[in-house]
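In the numbering used here, the protein residues as written are 340 to 853.
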């Protein structure tokens, strides 16, 4: 190999290798000092792209967790206020129940009215005061609001909090069934309604199906308001049925209290104590007491109207059918002349039945038995409007129709100025409380959903950070070994470069010998 002075190829090779070693050394030092395997694009182009994509997701999750925390706080405020509104509703219901008692004094009713008015005002104030960051939550304005629950644009959740203002809460579609009465003027002792069965009834396009015995009515127990309500509620169609009291009013007469020996009055199959109940206020008072004496067997109570001379009322509070019958024994017949030994037989029949608004005709001359049965009524309630149809029947007042949501049952319509209004108020408040609880349940469901979303985000964040770490972070053990190797190579390279730099001196030796 020739000797050259101008170009020291061996030194150049040594410098080149030393530069490569130094580059590796500096890279190891940078990775160990920063803890990152990828500090710039030249370290790993593909890895950098993947790492930055993962970092976008990770940082998006961090921002989303803040969103979820805010959403949970918002729902917590709404739920807390609804809990307080429910408590107000419960207090209002208690006062409405007190006001529904017709025996309370006018002063007490005035005090209850004032208390209820104050509670209604506080209800409205709380609804308006419930807000989050200036946004009203319970006034119906918080509808279809979108929350970001993930790092991607499509990771969103729509939240709606229903309007709970006093003019809306309690509003419902309400429909009350018709009352049916069947009259019997024969020697038979059975009554049959013979009305279209509930199987023809359709609510919201859903057929109800057949009924079963209610367990309490002694007449047509599968055709009672109770049996209808059980069948409707069992259908689970979004329309709730409730039984109303079965009430029969005998008005503006004391006739029918004139019951003689040999005449038996039965209420729901149980005989009223036999006595001479004269056609007078005293006789009717005694009859009312006798009917109430068998309430445990009949489920029916009797009360005088405003005054005994105004008549009396039979009431089955549980809605069971009320069956009223009058029988005679021996040689008596219903319709025998009102004279002689059987005086009062004829008038007792006509008086008792006509006083209840029931006309069975007057041709009862051959009958030893007369009776009528009244089926109770039930109420249908839904938070949304519903269609109904009952082929060939007027069970709901018409063969078909639509019951629309009415604000006449809203909280702001609550009125306890009379016993009847207060009773309606109890129904309104039942709807109010139920709807408030429904709103709380909806918020609770949304809150649970946000909890699930947060838990999923935390799991995703953990996995993404693990993946990003594997791509971008330095493996300290491996990089330390590389650093040691680079340091040794650097020291060796410097030593070799020093020797390479001395190689041209050999040529000087030749020159010195000339």
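Don't be surprised by glycine CBs; every beta carbon is placed ideally from N, CA and C. Treat the numbers as computed from the prediction; the structure is a model and nothing was measured.
Contact defined as beta carbons within less than 8 Å: I believe residue i pairs with residue j. What is the distance between those atoms, to the nearest angstrom?
i: residue 652; j: residue 644; result: 6 Å
i: residue 327; j: residue 512; result: Residue 327 lies beyond the residue range present for the chain, which begins at 340 and ends at 853; the question has no answer from this structure.
i: residue 505; j: residue 749; result: 7 Å
i: residue 363; j: residue 825; result: 4 Å
i: residue 855; j: residue 742; result: The requested residue 855 does not occur in the structure, where the chain is confined to residues 340 to 853.
i: residue 439; j: residue 716; result: The pair is not a contact, with the Cβ atoms about 18 Å apart (cut-off 8 Å).
i: residue 755; j: residue 451; result: 6 Å
i: residue 485; j: residue 497; result: 6 Å
i: residue 540; j: residue 734; result: 6 Å
i: residue 664; j: residue 605; result: 5 Å
Quick one, which of the options has its alpha-carbon nearest residue i's?
i: residue 746; options: 440, 551, 770; result: 770
i: residue 796; options: 710, 491, 551, 841; result: 491
i: residue 800; options: 402, 368, 568; result: 402
i: residue 774; options: 424, 367, 344, 383; result: 424
i: residue 713; options: 444, 587, 548; result: 587
i: residue 360; options: 564, 828, 488, 501; result: 828
i: residue 542; options: 726, 777, 579; result: 726
i: residue 611; options: 573, 626, 556; result: 626
i: residue 519; options: 563, 358, 494, 509; result: 563
i: residue 419; options: 375, 468, 559; result: 468
i: residue 806; options: 572, 390, 367, 349; result: 390
i: residue 516; options: 432, 751, 585, 789; result: 585
i: residue 579; options: 547, 551, 609; result: 547
i: residue 410; options: 812, 741, 351, 783; result: 783
i: residue 813; options: 458, 628, 367; result: 367
i: residue 406; options: 841, 488, 370; result: 488
i: residue 395; options: 851, 846, 804, 816; result: 804
i: residue 478; options: 415, 381, 721, 499; result: 499
i: residue 589; options: 629, 654, 571, 632; result: 654
i: residue 433; options: 793, 834, 767, 846; result: 767
i: residue 817; options: 375, 480, 605, 347; result: 375
i: residue 809; options: 475, 603, 393; result: 393
i: residue 300; options: 780, 344, 399; result: With the chain represented from 340 up to 853, any question about residue 300 goes unanswered, as that position is not in the structure.
Using the beta-carbon count (16 or more within 10 Å), is residue i buried or exposed?
i: residue 772; result: buried
i: residue 355; result: exposed
i: residue 662; result: buried
i: residue 408; result: exposed
i: residue 636; result: exposed
i: residue 759; result: exposed
i: residue 666; result: buried
i: residue 567; result: buried
i: residue 830; result: exposed
i: residue 557; result: buried
i: residue 838; result: exposed
i: residue 623; result: buried
i: residue 365; result: exposed
i: residue 602; result: buried
i: residue 447; result: exposed
DSSP three-state label for residue i, please.
i: residue 374; result: coil
i: residue 422; result: helix
i: residue 441; result: coil
i: residue 714; result: strand
i: residue 364; result: helix
i: residue 430; result: helix
i: residue 583; result: coil
i: residue 507; result: coil
i: residue 356; result: helix
i: residue 650; result: strand
i: residue 514; result: strand
i: residue 662; result: strand
i: residue 571; result: helix
i: residue 733; result: coil
i: residue 845; result: helix
i: residue 344; result: coil
i: residue 834; result: helix
i: residue 633; result: coil
i: residue 709; result: strand
i: residue 450; result: helix
i: residue 612; result: coil
i: residue 624; result: helix
i: residue 643; result: strand
i: residue 726; result: strand
i: residue 606; result: strand
i: residue 721; result: strand
Would residue i pass as an interface residue toward chain D - the criterion being a Cβ-Cβ separation below 8 Å?
i: residue 666; result: Among the chains in the structure shown there is no chain D, since it carries only a single protein chain.
* To do: Note down, one range per segment and in chain order, each alpha helix (DSSP H) of at least 4 residues found wholly within the stretch 470-504.
  => Listed in chain order, the alpha helix (DSSP H) runs fully inside the stretch 470-504 amount to none, counting runs of at least 4 residues.
* Which full runs of the beta strand (DSSP E) of 3+ residues lie inside the stretch 735-771, going along the chain? -> The qualifying runs are 739-742.
* **Uninterrupted beta strand (DSSP E) stretches inside the stretch 536-568 (no shorter than 3 residues)** => Fully enclosed beta strand (DSSP E) runs of 3 or longer: 540-542.
* In the stretch 793-824, which residue ranges form an unbroken alpha helix (DSSP H) of at least 4 residues, counting only runs that do not cross its ends? -> The qualifying runs do not exist here; there are none.
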